[in-house]
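A short worksheet on the structure shown next.
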Ligand code: ADP
Ligand code: ASP
Ligand code: MG
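In my numbering, the protein residues as written are 43 to 454.
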């Protein structure tokens, strides 16, 4: 029986005409092995950033609807060019926008969620023996407007399509060999992982390892989609994302650094029931995801409440917090964009006092102050000053013996 394979190529993988031609050949060879192939593509490298810069040059605060309209064009360029490259290899192919291939989302522009996929069009094209090229990162809302899924969202398009088509395999092609113990571009001796569990990958992705969009991992876990991440630049086995990781008995799987966060504090909040509820429910209604929260007890029945949000949500979070300050008579809102979140991730971390103490000791060794701490079943995170982020990541990776050299030493 023909297998259905969904592949996704990221921006660098289709970043030039030569790269597009290379990827076209790879796709055709998979098709020629007798598979049905659906390919999701991102915008060519740097395109999305340059579209955002153009928008901001025209209007510093454009509406989210118009931004989505603009950003979706990046993927439209790459799907059509890739389809043309495949045509020149004499293969039947069709490129489809998110709308054309039935990707329906909610109405939250810039971070929409896919609510359903009507696969009729894709299935019809596959039956006609065509390779189907789909624009990643975009869909159409119930109101018939173009939406985008958040930065890095093409991974999510790929996994959602794989789930809707009940694909046999979902392959994410990128510019590194797979998933590493940490970002291999920052930590030189990061180690490539053979396998990682959905849960661990979900934590790494939500904590800033942008190799996979975190929503894509959530969907892969929910629909049990076999996921593999590999390089589009060279032959490699890559990393499989699987249900449980029984491969290695290491509790710490990786470390990550998220620079894309900001910290807000509301000072001198009256110490009364209901105030945290008011603040966080309003933020949530406005689709602002809040991460860490700390409440400090002050003197005279007032508290300071601090929390972190993604940088792109900062301006809106400030507005909302300011309204609440005025309403409840707190002192003021202050914020800091110069913070990063440093995390360790791995099954079995919960309850391991040793992991926590190694983490905190490492930051002490570097004289780095911890501003906030949070823990979950499989992660510990600290907010620190952004300027210490990368050196702390490298040091922590070393202290947890995650590098290639550490593994070699263990084997001796
Ligand atoms: P694409 O354009 O293919 O979607 P991204 O730039 O979104 O690629 O993601 C790949 C990048 O993720 C890598 O170049 C690497 O710098 C970064 N990265 C961060 N953490 C990790 C990790 N743990 N393993 C692999 N890559 C990582
Ligand atoms: N082009 C989008 C971005 O740069 C989506 C993606 O690459 O996954 O974020
Ligand atoms: Mg990406």
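Virtual Cβ for every residue (Gly too), placed ideally from N, Cα, C.
Secondary structure note for residue 354: it is in no beta strand (DSSP E), with a DSSP letter that is neither H nor E. Residue 343 is a Cβ neighbour of residue 312, given a cutoff of 8 Å. At the C-beta level, residue 377 and residue 301 stay beyond 8 Å of one another.
In this chain, the beta strand (DSSP E) harbouring residue 380 covers 374 to 387. Membership of residue 304 in the beta strand (DSSP E) is indicated by the continuous run 296 to 312. Minimum Cα-Cα distance from residue 350 among the listed residues 415, 374 and 234 corresponds to 415. In this structure, residue 92 keeps its C-beta atom at 8 Å or more from the C-beta atom of residue 53.
Per DSSP, the unbroken alpha helix (DSSP H) holding residue 119 starts and ends at 106 to 129. Between the segment 326 to 344 and the segment 265 to 276, the count of Cβ pairs shorter than 8 Å is below three; the stretches do not touch. Residue 68: not part of any beta strand (DSSP E); member of the alpha helix (DSSP H) spanning 59 to 74, first to last residue.
Taking all protein chains shown into account, residue 244 has 16 or more neighbouring C-beta atoms within 10 Å of its C-beta and is therefore buried. Per the DSSP secondary-structure output, residue 272 pairs in a beta bridge with 215.
Rounded to whole angstroms, the separation of the alpha carbons of residue 152 and residue 277 is 34 Å. If you draw a straight line from the Cα of residue 117 to the Cα of residue 437, it comes to about 38 Å.
With a contact defined as Cβ atoms closer than 8 Å, residue 217 and residue 275 qualify at about 7 Å.
Restricting attention to 97, 63, 72 and 101, the CA atom closest to the CA of residue 127 is found in 63. Beyond the five residues adjoining it in sequence on each side, residue 192 comes within less than 6 Å, by CB distance, of 153 in the same chain, given in chain order.
Excluding the 5 residues flanking it on each side, residue 265 has same chain C-beta neighbours closer than 6 Å at 205, in chain order. The Cβ-Cβ distance between residue 297 and residue 385 falls below 8 Å. Where residue 441 is concerned, the enclosing alpha helix (DSSP H) starts and stops at 431 to 441. In the displayed model, residue 142 falls within coil according to three-state DSSP, outside both helix and strand.
Around the beta carbon of residue 233, 16 or more other beta carbons sit within 10 angstroms, so the residue counts as buried. Residue 184 carries a coil assignment under DSSP once its states are collapsed to helix, strand and coil.
For residue 233, the shortest separation between its Cβ and any heavy atom of the ligand ADP does not lie below 7 Å.
Spanning the alpha carbons of residue 310 and residue 374 requires a straight line of approximately 8 Å.
With a threshold of 7 Å, the Cβ atom of residue 85 counts as near the ligand ASP, since some heavy atom of the ligand is closer than that. Take the alpha-carbon of residue 421 and the one of residue 318: they are about 25 Å apart. Residues 183, 184, 185, 187 and 189 of the same chain have their beta carbon placed closer than 8 Å to that of residue 149, with the five preceding and five following residues left out of the count. Closest in C-alpha terms to residue 87, from the list 79, 119 and 49, comes 119. In the three-state reduction of the DSSP assignment, residue 337 falls in the strand class.
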